[in-house]
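Read top to bottom, the protein sequences are chains A and B. Residue numbers for the first sequence follow the working numbering, beginning at 415 and rising by one. Residue numbers for the second sequence follow the working numbering, beginning at 49 and rising by one. Just so you know, even glycine gets a beta-carbon here, dropped at the ideal spot from N, CA and C. Just so we're clear, the structure is a prediction, and the values are computed from it rather than from any experiment. Worksheet: one structure, shown below.
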Amino acid sequence: MGDLPVIDYTLSFPYTRTTGPVMGPFLTALRDGQILGGRCGDRVLCPPLEYDPDTGAEVAPDLVPVGPGGTVTGSTWVSTPTEKHPFAEPFAFATIALDGADTPLIHAVKAPGPVEAGTRVMAQFRDERVGAITDVYFVPEADAVEQTIAPGDEPVEITEHLIGVRIQEDLYPFRKRYAQALLDGKILGQRSPKSGKVYVPSRGYDNMERVPMTEADDVFLPDIGTVVSFTEITPIQYHGQTETDPYIRCAILLDGADQPVTGIDIRDLRPPEFKVGLRLRCVWRPPAERDVSELDNRMGAIPEGVYERWEPTGEPDVNPDELRGQAW
Amino acid sequence: MVSRATTLREPVAVVAAAQTKSHRRFEDAEPQLIMEVVNQVIEQSGLDRHDIGFTIAGSCDYLSGMPFAFVSNIDGVGAWPPVYESHVEMDGAFALFEGVVRLQLGDIDTVLVIGSGKSSPGTPRNVFPLQTDPYTMAPLGLDPISLAGLQADAMVRAGTATERDFAEVVSRSRRDAMSNPFAQVAKDISVDDLLAEPYHTTPLRQHDLPPISDGACAVLLARGATAEQLSDNPVWITGIDNRIETHHFGHCDLTTSPSTSLAAEKVGLHDGPIDVAELCVRYSPEEIVLRQAMGLADGTTINPSGGPLAAHPVMATGLIRIAEVATRLANGEGRRGVAHAASGACLQQNQLCVLDRERP
């Protein structure tokens with residue numbers, strides 16, 4: 415028998431951004447082993463900006479080399495780095511006044527221990543550079559090594575930044591009991607203590623009456639119900655598509671429920687035999703084969719991992735007019 | 049002194065407020081947290097929920113780990129029959145700002161404001177770098193704790209605060225939180241004991257940082273006569289303003305907060321004494337910066353709830369400050385107070401809301 419899922423996923427977004435007339439040359443220069451500042455009035459800003467930070471006025475791009483040496487003006491020692499930080503071992507984030515710049519750059523300093531204000535540091539470029547702020551880091555001047563950097567070809571006009579947020583949680587209490595019931599070959603719903611309506615799967619609360627529900631509100635439902643709506647899907651082949659043959663996705667109103675279970679896949683029945691009003695019974699997989707791993711806290715109702723098929727009961731069809739209002 | 053405060057055309061009051069306990073890990077869904085506080089403010093006010101003019105919520109999909117997570121949060125409000133509502137990807141305190149503005153149109157009388165968040169499923173320290181500049185900071189994983197470390201370092205070097213000052217903020221917060229039933233971190237601990245703990249991100253120690261929390265807050269706003277009908281003790285918003293600074297922290301003097309000072313001027317903070325201030329102190333040094341930027345006098349009680357160092361349900365933390373001040377004033381603990389909310393690292397954006405028992 416399958417285990418109850420523990421939710422652990424990384425929500426990722428690959429952001430691509432155009433770089434513009436100031437960040438473009440700045441990032442191109444980093445790839446090519448140089449740091450640029452931007453003239454703004456009589457100051458040199460690093461990082462350079464397209465606007466005057468004091469007034470918001472547009473500044474015509476006028477980029478000048480700064481660094482590679484600089485002086486730490488402030489720092490913090492990061493004793494427990496995150497996986498998003500530039501170094502796995504403790505390091506310093508510092509404000510660094512690069513030689514020739516009037517505003518400090520915030521960046522990482524790789525050092526054996528806390529870095530005091532006043533410390534001279536030197537830029538070091540990574541072997542693999544992509545035109546990003548992470549192409550460079552800093553070390554105390556004495557630890558710097560000479561580097562010969564071969565410039566790249568094309569200017570950096572696009573940056574790619576893959577962000578990811580890891581989410582880890584248990585199934586919510588009701589979802590846990592619901593998933594366990596499926597493994598046991600049963601369907602668990604909840605009866606609203608206020609309206610008496612039965613929801614399956616429940617969200618753990620009645621969103622119509624706005625009351626929380628507890629284990630005391632749990633009710634088992636029969637594994638027999640009526641088709642209230644369906645769609646026949648002809649899979650289009652795209653990257654990642656695993657379906658090949660047409661199949662039906664339907665909603666079934668279980669006997670005794672006030673809300674249909676949606677998203678149930680049917681592979682061995684076809685219209686016109688399959689229709690709204692058809693009475694169906696769940697044929698469960700053997701206990702050892704049941705799998706609820708695709709359930710999470712938001713998606714999934716009765717996954718294919720727990721049933722072999724839904725078979726017609728042979729009872730007369732329900733008049734579709736009686737099912738209006740349940741079509742999802 | 050002549051007030052330079054921007055006055056509200058339509059007087060607006062807090063007529064009910066509720067917050068959940070701050071949970072280290074709330075095992076159920078976020079709408080459950082919202083339902084708890086929304087049901088409480090509806091009960092407190094006696095208002096029929098169908099008569100709420102407008103609902104606005106603040107939450108964060110990156111924390112929930114799902115795009116459009118804010119949509120399911122409406123389950124906690126009740127969306128049938130359909131409700132008139134909106135959402136900001138900001139703390140509920142900024143949603144409240146929109147609520148106050150919405151009431152100025154004069155066509156509706158009540159606004160339900162919600163702030164909610166579950167930080168526990170994710171890693172806040174990895175989520176919040178996404179608020180920073182996407183070219184020069186976010187790829188470094190530059191997180192609010194590290195930036196708070198740089199701010200604290202700047203203060204110590206400039207002589208505006210010492211590590212002992214930070215510990216004094218924490219010690220008082222921990223002790224005050226012992227009388228706050230919603231607090232997550234409460235303890236009677238001395239400054240010397242705190243200073244004996246190891247550094248986390250110098251010169252900050254673990255206790256200088258906020259806890260990771262799940263929770264929600266709801267506030268019901270009402271306009272003019274409706275406020276007086278719904279509550280025996282409406283607490284009036286006499287000024288509200290928010291200001292933002294550059295996100296390039298290298299261009300800022302981290303020892304000060306000009307945006308807070310400007311907001312203080314705009315809300316007429318010093319038009320009268322301030323009895324109680326709830327400040328969005330997520331890192332202990334921020335209290336020292338804010339106190340100075342707002343020019344708070346010694347007679348002002350600061351963060352009697354313990355503040356965000358004791359409970360930090362992100363996206364509700366700022367709204368809780370307003371709920372705390374309003375509740376205290378309604379209970380007669382002072383006449384006039386101020387609630388501060390912040391967004392971004394190093395107090396990048398700041399909002400001040402002045403509350404008064406006297407109708408303006």
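Task: Within chain A, the residues that B:Y110 reaches when beta carbons sit closer than 7 Å - done: Against chain A, a Cβ distance below 7 Å from B:Y110 picks out V579.
Open item on the list: Which residues of the stretch 644-663 of chain A have a Cβ closer than 9 Å to any Cβ of chain B? Give them in chain order.
Closed with: Residues of the stretch 644-663 of chain A with a C-beta atom less than 9 Å from some C-beta of chain B do not occur.
Task: Length of the line joining the Cα atoms of A:K590 and A:L418 - done: Straight-line Cα distance between these residues: approximately 7 Å.
Open item on the list: Between A:G514 and chain B, is the shortest Cβ-Cβ distance under 8 Å, so that the two count as touching?
Closed with: In terms of beta-carbon proximity, A:G514 stays away from the interface with chain B, with every pair separated by 8 Å or more.
TODO: Using a Cβ-Cβ cut-off of 8 Å, state whether A:S606 counts as contacting chain B.
DONE: No, A:S606 lies away from the interface with chain B (no Cβ there is under 8 Å from its Cβ).
TODO: Please list, in chain order, all residues of the same chain as B:S51 whose beta carbon is under 7 Å from its beta carbon, the five residues on each side excluded.
DONE: Here the model assigns B:S51 a pLDDT of 49, short of 50, so the residue's position is not dependable and the matter cannot be decided.
Open item on the list: Please report the straight-line C-alpha distance between B:I292 and B:Q397, rounded to a whole angstrom.
Closed with: Spanning the two alpha carbons is a distance of roughly 4 Å.
Task: Within 9 Å of chain B by C-beta, residues of the stretch 611-625 of chain A in sequence order - done: For the stretch 611-625 of chain A, the set of residues with a beta-carbon nearer than 9 Å to any beta-carbon of chain B comprises R617, G618, Y619, N621, M622, E623, R624, V625, in chain order.
Open item on the list: Using only the alpha-carbon positions, how far apart do B:T249 and A:G488 sit?
Closed with: So the alpha carbons of these two residues sit roughly 13 Å apart.
Open item on the list: Between B:A393, B:L377, B:E381, B:P361, which has its C-alpha nearest B:Q67's C-alpha?
Closed with: The residue with the shortest Cα to Cα distance from B:Q67 is B:P361.
Task: Residues, ordered as in the chain, of the stretch 478-504 of chain A that lie near chain B by beta-carbon distance below 9 Å - done: Residues of the stretch 478-504 of chain A that bring their beta carbon within less than 9 Å of a beta carbon in chain B comprise T487, G488, S489, T490, W491, V492, S493, T494, P495, T496, E497, K498, H499, P500, in sequence order.
Open item on the list: 8 Å is my cut-off, CB to CB: does A:A630 come that close to chain B?
Closed with: No, A:A630 does not count as interfacial toward chain B.
TODO: Have a look at B:V386 and B:V402 and give me their C-alpha separation to the nearest angstrom.
DONE: Rounded to whole angstroms, the separation of the alpha carbons of B:V402 and B:V386 is 4 Å.
TODO: Go ahead and label B:H98 buried or exposed: buried means 16 or more other beta carbons lie within 10 angstroms of its beta carbon, across all protein chains shown.
DONE: B:H98 comes out exposed.
- [ ] Tell me whether A:P467 counts as near the ligand GDP, meaning its Cβ is closer than 7 Å to at least one heavy atom of that ligand.
- [x] With respect to the ligand GDP, the structure shown offers nothing to examine, as it has no ligands at all.
TODO: With DSSP collapsed to three states, give me the class of A:V614.
DONE: Coil at A:V614, not helix or strand.
Open item on the list: How far does the beta strand (DSSP E) with B:D404 in it extend, from its first residue to its last?
Closed with: Counted as a single uninterrupted DSSP element, the beta strand (DSSP E) harbouring B:D404 occupies residues 397-404.
- [ ] Consider the Cβ of B:P79: report whether some Cβ of chain A lies at a distance smaller than 8 Å.
- [x] Chain A, which has a Cβ nearer than 8 Å to the Cβ of B:P79, makes this yes.
Task: chain A residues whose Cβ lies nearer than 7 Å to that of B:R205 - done: For B:R205, the chain A residues whose Cβ falls inside 7 Å of its Cβ are G488, A531, in order along the chain.
Open item on the list: So A:T517 contacts chain B; which residues on that side make the cut at Cβ distance below 9 Å?
Closed with: The answer, in chain order, is H296, G298, H299.
Open item on the list: According to DSSP, is A:E583 part of a helix, a strand, or is it coil?
Closed with: Strand at A:E583.
- [ ] Provide the residue(s) that pair with A:Y661 in DSSP beta bridges, ordered along the chain.
- [x] A:I647, per the DSSP bridge assignment.
- [ ] Flag B:T210 as yes if its beta-carbon sits less than 8 Å from any beta-carbon of chain A, otherwise no.
- [x] Answer no: the Cβ-Cβ gap between B:T210 and chain A never drops below 8 Å.
- [ ] List the residues of chain E whose Cβ lies closer than 7 Å to the Cβ of A:P467, in chain order.
- [x] Annotation note: the requested chain E is absent from the structure, which comprises protein chains A and B.
- [ ] Identify the continuous beta strand (DSSP E) that holds A:L450 and give its terminal residues.
- [x] Note, A:L450: beta strand (DSSP E), 449-454.
TODO: For chain A, find out if any of its Cβ atoms is closer than 8 Å to the Cβ of B:V409; answer yes or no.
DONE: It is not possible to answer for residue 409 of chain B, since the shown part of chain B is limited to 49 through 408.
Task: Secondary structure of B:V283, DSSP reduced to three states - done: B:V283 falls in the strand class under three-state DSSP.
TODO: Express the C-alpha separation of A:G691 and B:G392 in angstroms, rounding to a whole number.
DONE: Near 55 Å, if we compare the C-alpha coordinates of A:G691 and B:G392.
TODO: Output the distance between the C-alpha atoms of B:S168 and B:V175, rounded to the nearest integer angstrom.
DONE: The straight-line gap from Cα to Cα measures roughly 12 Å.
Task: Selection from A:V420, A:E464, A:T469, A:D468 that minimises the alpha carbon distance to A:P475 - done: It is A:E464 whose Cα lies nearest to the Cα of A:P475.
TODO: From the DSSP output, read off the bridge partner residues of A:M536.
DONE: For A:M536, which the question treats as bridged, DSSP gives the partners A:G483, A:V553.
Open item on the list: Is it buried or exposed, A:Y592, if we count other Cβ atoms within 10 angstroms and call 16 or more buried?
Closed with: Counting Cβ neighbours within 10 Å, A:Y592 comes out buried, since at least 16 surround it.
Open item on the list: Under 8 Å, Cβ to Cβ, is there at least one residue of chain B near A:P435?
Closed with: Using beta-carbon distances, A:P435 does not count as an interface residue toward chain B, since no partner is under 8 Å.
TODO: Check the Cβ of B:E133 against every Cβ in chain A and list those closer than 8 Å, keeping chain order.
DONE: Those do not exist, as B:E133 stays about 14 Å from chain A at its closest Cβ, beyond 8 Å.
- [ ] List the whole-angstrom C-beta distance separating B:V267 from B:L367, where the pair is believed to meet the contact cut-off of C-beta under 8 Å.
- [x] That belief holds up - the Cβ atoms of B:V267 and B:L367 are roughly 6 Å apart, short of 8 Å.
- [ ] Answer with yes or no whether the minimum CB distance from B:N290 to chain A is below 8 Å.
- [x] Chain A, which has no Cβ nearer than 8 Å to the Cβ of B:N290, makes this no.
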